[in-house]
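**Q** Pasting a structure below so you can have a look.
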Amino acid sequence: MKKILHSVLSLSVVCVILTACSNGEYVANPSGAANSGVNPLKPLTSEEFTWSGTGAMEADINGKHFKADTSGWYLDSSGTNVFMGASGSKSIVFALNNVYAVHLYSMSYHILNTQAAYVEHYVDTKAIDTNVVDYYASYLGNSGEVKITENDSAYIRGLFYFQGVTTEGKLVTVSNGVFNIKKPL
């Protein structure tokens, strides 16, 4: 009986000590791109999409503002809305299948029906092939959503955020995203 009481008391003390040592969430790299994104365990509700923009496509890429100079849209043969916004060597591309106005859709790990990518072209003088394209896909990330506010014959409009990951494991956080794409007649 004494041994059982001693074991229970020891276990209780260890639990109290471990609980007291907790300082909140574990963050391996507090300045990393992953920590500036939306918590994947608590995605935004429709009412929490409170940002706005005036361009055809805008977003913050790891905290730096991106505004598209050019944009375009087409409907592919499977009924997928494919559209993009580009500025220089950077672009954001969407492939959204079966999306309707005033709905919220997930864009995260292994979700292929609604996906986005941040694409960056650059020259790497240290590489064998100096033209490098980094493709940060939402379906490899762990957090992302798109809120469609309009999708009719004239426009596709909405708000978005996502974490994009390359096949090499590089991460980008895209936040406060807005698209306002005019469809061709």
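Number 158 in the working numbering belongs to position 146 of the sequence shown; there are no gaps in the numbering. Glycine included, each C-beta is placed from N, C-alpha and C at the ideal position.
1. Which of helix, strand or coil does DSSP assign to Ser58?
2. Identify whether Val152 lies in helix, strand or coil by the three-state DSSP scheme.
3. Three or more C-beta pairs under 8 Å: does that hold for the segment 154-174 against the segment 58-65?
4. Determine the closest residue to Val184 out of Gly153, Thr66 and Ile123, with distance taken between C-alpha atoms.
5. Should Asn41 be labelled buried (16 or more other beta-carbon atoms within 10 Å of its own) or exposed?
6. Could you check whether Val158 and Tyr147 sit closer than 8 Å to each other, using their CB atoms as the reference points?
7. How many whole angstroms separate the CB atoms of Ala128 and Ile104, which I take to be in contact at a CB cut-off of 8 Å?
8. Hey, would you say Ile160 sits closer than 8 Å to His115, going by beta carbons?
9. May I ask which residues mark the beginning and end of the beta strand (DSSP E) holding Asn93?
10. Suppose you measure from the CA of Thr92 to the CA of Asn110; what does that come to, to the nearest Å?
11. Helix, strand or coil for Leu171? Go by DSSP, reduced to three states.
12. Considering Cα atoms alone, identify which of Gly189, Tyr117 and Pro196 is closest to His77.
**A** On the basis of the coordinates in this document:
1. helix
2. A small fix is needed here, since residue 152 is Leu in this sequence, not Val. DSSP places Leu152 in helix when its eight states are reduced to three.
3. yes
4. Gly153
5. Low per-residue confidence applies at Asn41: pLDDT is 49, beneath 50, and the placement is therefore not dependable, though the value from the model is reported in the following sentence. Exposed is the call here.
6. no
7. 6 Å
8. yes
9. Thr92 to Ser99
10. 7 Å
11. DSSP places Leu171 in strand when its eight states are reduced to three.
12. For the residues Gly189, Tyr117 and Pro196, the minimum Cα distance to His77 belongs to Gly189.
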